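Visitor: Those protein sequence lines, which keep their order, are chains A and B.
Quick note: the first sequence, position 128, residue 128 per our numbering, numbers continuous.
Quick note: the second sequence, position 199, residue 199 per our numbering, numbers continuous.
Beta carbons are placed, not taken as given, at the ideal position from N, Cα and C, and that holds for glycine.
The structure displayed is predicted, hence computed values, not measured ones.
Pasting in a structure now, in structure tokens, and then I'll have a few things to ask.
There are 2 protein chains.
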Amino acid sequence: MGKKSEAAKGSSRLPHAERRAQILEIASEFFSENGLTGQTRRLAEACGVSQRLVYRFFPTKEDLLAEVYREEILGAFKAGWFAELQDRSVPVEKRFCLFYQDYLETTLTRKWLRLFLYASLSDSSMAPDYIASIVTQLLDVLIREAAFDQHIELPKNRDVTNEMAWTLHGAISHYAIRRHLYKASMRVPEESVVAMHVRMFLAGLKPMVEAYQQEQL
Amino acid sequence: MGKKSEAAKGSSRLPHAERRAQILEIASEFFSENGLTGQTRRLAEACGVSQRLVYRFFPTKEDLLAEVYREEILGAFKAGWFAELQDRSVPVEKRFCLFYQDYLETTLTRKWLRLFLYASLSDSSMAPDYIASIVTQLLDVLIREAAFDQHIELPKNRDVTNEMAWTLHGAISHYAIRRHLYKASMRVPEESVVAMHVRMFLAGLKPMVEAYQQEQL
DNA sequence: ATTTCATGTCGTCAATTGACGACATAAAAT
DNA sequence: ATTTTATGTCGTCAATTGACGACATGAAAT
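See the structure below:
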């Protein structure tokens, strides 16, 4: 045990950057569990420091929350995913399954989801931002790779193709919400669930495109 | 204009039941927008009555919230849906589309969704209850009707078939979350979206079943 | 007309909560 | 060793907030 382990939480003096990082880390966990209305005093308590100290690093609670979002929400996306998803030397089905298993483990965690939903429920523009800056690209890649694999001619309208890709992405996001928020007991192994979603999407894409064109009379 | 329209909100004396109903109605809207931490004073203000009066009808804020949930969350499901979904004189695809258009309009509203999520984020057992008491039955009906139509032999494990039905129900629920919470601009008409989801589910069900069986080696 | 009682308001209490000034102290610079 | 600076705490203020006692008032019963 190092010499740092005496108070476990965060007593002994820390350099600016470290303490700030520690508070941020604990704050993300804290607000994720207690909501954005969680008290700064409790947060400080969880950090093992005085409440006043928190205000040394973040002028207001708002600023702290903004920082948490930027760090935790936007920071949870791996850049490499885009490349892997487009690596056509691997079968699409496998690519999609691996990606979503990873995405579920890395991004769609309890902490991330709760923060994301709390933020969306307040009026923050965080969710739209996240979707615009990250998810939209992801949807494009998904639908393009799926269409290529299934030899499907896609509608030109990007809003429509996005909506199609959402059938997969939304379903899996909702699976995560069910698991982490609704406390559903997940009796079917995750890989099976992901595999079912992906298979269904790939096989159902062509019929879905036809359904859309049929609507356009 | 009737003689009641002078104060518009809720001044002039009302009989017990009416005032109670009015407070409940406004409270559901209020907490849906402002979260469960919304202040009783603001609520009273929105009702056009004194804060004290609210406590005449509900001993504590907790009790008021509990009543709102019971009324708004559980009360938003039409009993007739189960019958309509099983009316085999109508094509499944049409049945499913009509049901989900109705479900989106009646249940998956902004008010309902926000309440449901706020409640889920606190530790209330409301979401699990709702799922156990209503959604599970719905999932059973959906998968049974779809399998019958597509001449599919389903796995015996109910957890698995539920999970399969969730691919449709979850995707549409998530579509509603996107619309009402993430403030996504919905440029594709709702009927088209519903039609695409339903078509995809029906066409993808068999491949999904195969994917599951394939996993079970 | 007077009594009765439910409907409704005012004012207030005690706990909470974001924010910050004043002070203490450890570490680094001189 | 002494000065300097940044790290950290204590106590407190003002606004908020759930809850409620005491009082007012309109309608219905006698």
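Hey, out of B:L108, B:V209, B:S122, whose CA is closest to B:Q150's CA?
Guide: Residue B:V209 is the option with its Cα nearest to B:Q150.
Visitor: Which chain B residues are close to A:L181, counting only those with a beta carbon under 8 Å from its beta carbon?
Guide: L117, S120, L121, A127
Visitor: Here's the rule: buried if 16 or more other CB atoms are within 10 angstroms of the residue's CB, otherwise exposed. What is A:T106?
Guide: exposed
Visitor: When you compare the CB positions of A:G204 and B:G170, do they come within less than 9 Å of one another, or not?
Guide: no
Visitor: Give me the Cα-Cα distance between A:N162 and A:M200, rounded to the nearest whole angstrom.
Guide: Rounded to whole angstroms, A:N162 to A:M200 spans 17 Å at the Cα level.
Visitor: Beta carbon of A:Y69, beta carbon of A:L117: below 9 Å?
Guide: no
Visitor: Are the C-beta of B:Q214 and some C-beta of chain A separated by less than 9 Å?
Guide: yes
Visitor: For B:L202 and chain A, any beta-carbon pair shorter than 9 Å?
Guide: Yes, because at least one Cβ of chain A sits closer than 9 Å to the Cβ of B:L202.
Visitor: Counting only beta-carbon separations shorter than 9 Å, does A:A76 have a partner in chain B?
Guide: no
Visitor: Ordered along the chain, which non-local residues of its own chain (more than five positions away) have a Cβ less than 7 Å from that of B:Y212?
Guide: P155, V160
Visitor: Just how far apart, CA to CA, sit A:G2 and A:A79?
Guide: Because the pLDDT at A:G2 is just 31, under 50, the model does not fix this residue reliably, and the point stays unresolved.
Visitor: Sort B:C47, B:L98, B:T40, B:E33 by Cα distance to B:R19 and report the nearest one.
Guide: B:C47
Visitor: Which parts of the stretch 46 to 96 of chain A are runs of the alpha helix (DSSP H), unbroken and 4 residues or longer, counting only runs that do not cross its ends?
Guide: 51 to 57, 61 to 72, 80 to 85
Visitor: Excluding the 5 residues flanking B:S120 on each side, which residues of the same chain have their C-beta closer than 6 Å to its C-beta?
Guide: A127
Visitor: If you measure beta-carbon to beta-carbon, which residues of the stretch 162 to 181 of chain A are closer than 9 Å to chain B?
Guide: Those residues of the stretch 162 to 181 of chain A placed with their C-beta closer than 9 Å to a C-beta in chain B are N162, E163, M164, W166, T167, L168, H169, G170, A171, I172, S173, H174, Y175, I177, R178, L181, ordered along the chain.
Visitor: For the stretch 132 to 150 of chain B, which residues have a CB atom closer than 7 Å to at least one CB atom of chain A, in sequence order?
Guide: none
Visitor: Give me the subset of the stretch 187 to 199 of chain B whose CB atoms are less than 9 Å from a CB atom of chain A, sorted by chain position.
Guide: R187, V188, P189, E191, S192, V193, A195, M196, H197, V198, R199
Visitor: Need the endpoints of the alpha helix (DSSP H) that A:Y182 sits in, please.
Guide: From DSSP, A:Y182 is part of no alpha helix (DSSP H); its letter is neither H nor E.
Visitor: What are the start and end residues of the alpha helix (DSSP H) that includes B:R20?
Guide: For B:R20, the enclosing alpha helix (DSSP H) stretches over residues 16 to 34.
Visitor: Which class does A:E153 belong to by DSSP, given the choice of helix, strand or coil?
Guide: coil
Visitor: What is the DSSP secondary structure of A:A7, reduced to helix, strand or coil?
Guide: Residue placement at A:A7 is poorly supported in this model, since its pLDDT is 36, which falls under 50; the coordinates are not used for a value here.
Visitor: Starting from the Cα of B:V141, find the closest Cα among B:L104, B:T109, B:R95 and give me that residue.
Guide: Taking only the C-alpha atoms, the option nearest B:V141 is B:R95.
Visitor: In chain B, which residues lie less than 7 Å from A:V160 when you measure between Cβ atoms?
Guide: Here the neighbours are V188.
Visitor: Do A:I219 and A:A165 have their C-beta atoms closer together than 9 Å?
Guide: Any property of residue 219 of chain A remains undetermined from this structure, which presents chain A solely from 1 to 217.
Visitor: Count the CB pairs spanning the stretch 97 to 112 of chain B and the stretch 59 to 77 of chain B that are closer than 8 Å, and state whether there are at least three.
Guide: yes
Visitor: Since A:R114 meets chain B, which of its residues come closer than 8 Å, beta carbon to beta carbon?
Guide: L121
Visitor: Does DSSP put A:D123 in a helix, a strand or coil?
Guide: Coil.
Visitor: Note down, in chain order, every chain B residue with its Cβ under 7 Å from the Cβ of A:P207.
Guide: R199, M200, A203
Visitor: Tell me the DSSP secondary structure of A:M196 in three-state form.
Guide: helix
Visitor: Give the straight-line distance between the Cα atoms of A:E33 and A:V135, rounded to the nearest whole angstrom.
Guide: 25 Å
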